[in-house]
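One structure is given here, and the rest of the page talks about it.
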Amino acid sequence: MAKPFSLVIASALFLPTLAIAAESPTWHQWRGPSRDGRVAPASFEWPDKLGGLKEVWRVALADGYPSPVVTVDKVFTAESKGGKELVHAYDRATGKELWSFDWTGQMTVPFFAMKNGSWVRSTPAFDGTSLYVGGMRELLVSLDAATGKENWRVDFVERYKTPVPTFGFVCSPLATDDGLYVQAAGSFLKLEKATGKEIWRTLVDGGGMEGSAFSSPVLAKVAGRDQLIVQTRNLLAGVDPATGKVLWQNKIESFRGMNILTPVIFGDAGIFTSTYGGVTQLLTLKADGDALTTAQAWKLRIEANMSTPVVIDGHAYLHRRDKRFSCIDLASGQEKWTVKAGFSDYASLVTDGKNVLALDSSGELMLIKHNPEKFELLDQKKISKQETWGHLVVCGDEIFVREQRGLLKLKWDK
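Under the numbering used here, think of the first position of the sequence shown as 0, with each following residue one higher.
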């Protein structure tokens, strides 16, 4: 039986956008080009003030948290509206809608989580031709990024007979040359990009209230081994990309499995994480033949909660559960500084390797100087009157913001 959907294509879809150069920096997945909050190398150097940022365009949307995905000529995002979830493609230069696609699938989270809404959360992934988008009821859809035409869809609840995740599908897919990785169906899966068929499935925990993941995987070489670093509701683990074999795993302390942030790789063998109701810590991996063992290098009794830090010169810049910013020396675990005053509930962080841009959930953009000795706020600017929980996107001299009910493009004056 065919599933209902609608597709709208604008006549301008096939016209080239001359205003965007072919070498324009892009942001094709969760947390950017390298999945670590670091911008792509570019000739543009961030100014030390935000006054030169000007709005280029803004489009109205229904509720949603996904980070924008930016290609050379398009911007993608998703929303929840009227019992449906929709994906939109916009012209990067003008903000004109190029196509949209929708499916039926909205859900309601438990009452104690309603503060953060029941709308779509997962950030899509773009691999050069296809866009992979997650819906709240654990539906994963592959679309032709040029036209919006559906390639395939996977209903994980139907395929694996697992419960609908209580808090929705949160994981942001990871697309590589050889597969698509996603935390869904109370497990971690590798799928064929062309068909959505399972290649392997591991770390099965049942899903539902306690099992469905809040985090997203990263691919890295750690302790000399290529591996996927995966954080479930109660474990941090390394998984072989080819076979799905669990190479190592560590139990992670948290309150009700609130392991939310994306694991951060440090050096050749370090993995940083921080959890709600748990600790901030660095684990180190050691290879002994084919075996990998872990040890805790250090821990701090502070909690990052939802915000994944960025790293500059071995120092992690962190937004904490208590709304304050901290700087941590990752080699020693020393807390270099913590600001006294709190900011907003959440902040997404991006770095150019020199400084940090932080967008908090109240719409305030902050430029923070890389300085392990003290907190230096170089400038701040209110860029939205709405809540801004979607991850900040920076592409050269352009900034893209997913407001709760809109999509915004800003650009620095040169």
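For glycine and all other residues, C-beta sits at the position ideal for the given N, C-alpha and C.
Every value quoted in this text rests on a predicted model; they were computed, and no experiment measured them.
Non-local beta-carbon contacts of residue 155 in its own chain, meaning distances under 6 Å to residues more than five positions away in sequence, involve 137, 183, 184 in chain order. Distances from the alpha-carbon of residue 336 to those of 352, 344, 318 put 318 closest. The continuous beta strand (DSSP E) containing residue 265 extends over residues 263-265.
Two segments are said to touch when three or more pairs of C-beta atoms, one from each, lie closer than 8 Å; by this definition the region 300-309 touches the region 318-331. Our two residues, residue 240 and residue 288, have alpha carbons roughly 18 Å apart in a direct line. The secondary-structure analysis by DSSP pairs residue 225 across a beta bridge with 220. Taking a contact to require three or more Cβ pairs closer than 8 Å, the region 396-412 and the region 50-58 qualify as touching.
The Cβ atoms of residue 170 and residue 219 lie no closer than 8 Å to each other. Within a 10 Å sphere around the beta-carbon of residue 300 sit fewer than 16 other beta-carbons, which makes this residue exposed. When rounded, the separation of the alpha-carbon atoms in residue 262 and residue 246 is 16 Å.
Out of 242, 46, 225, the CA that lies nearest to the CA of residue 354 is found in 46. Looking at 322, 201, 254, 332, the one whose alpha-carbon comes closest to that of residue 265 is 332. Judged by DSSP secondary structure, residue 319 falls outside any beta strand (DSSP E); it is assigned neither H nor E.
For the 8 Å CB-CB criterion, residue 86 and residue 66 do not form a contact.
Counted as a single uninterrupted DSSP element, the beta strand (DSSP E) harbouring residue 57 occupies residues 52-59. Of the candidates 339, 222, 50, 33, the residue whose Cα lies closest to the Cα of residue 378 is 50. Cβ contact annotation for residue 398 (same chain, cutoff 6 Å, sequence separation greater than five): 409, in chain order. Around the beta carbon of residue 194, fewer than 16 other beta carbons sit within 10 angstroms, so the residue counts as exposed. For the pair residue 268 and residue 253, the Cα-to-Cα distance works out to about 23 Å.
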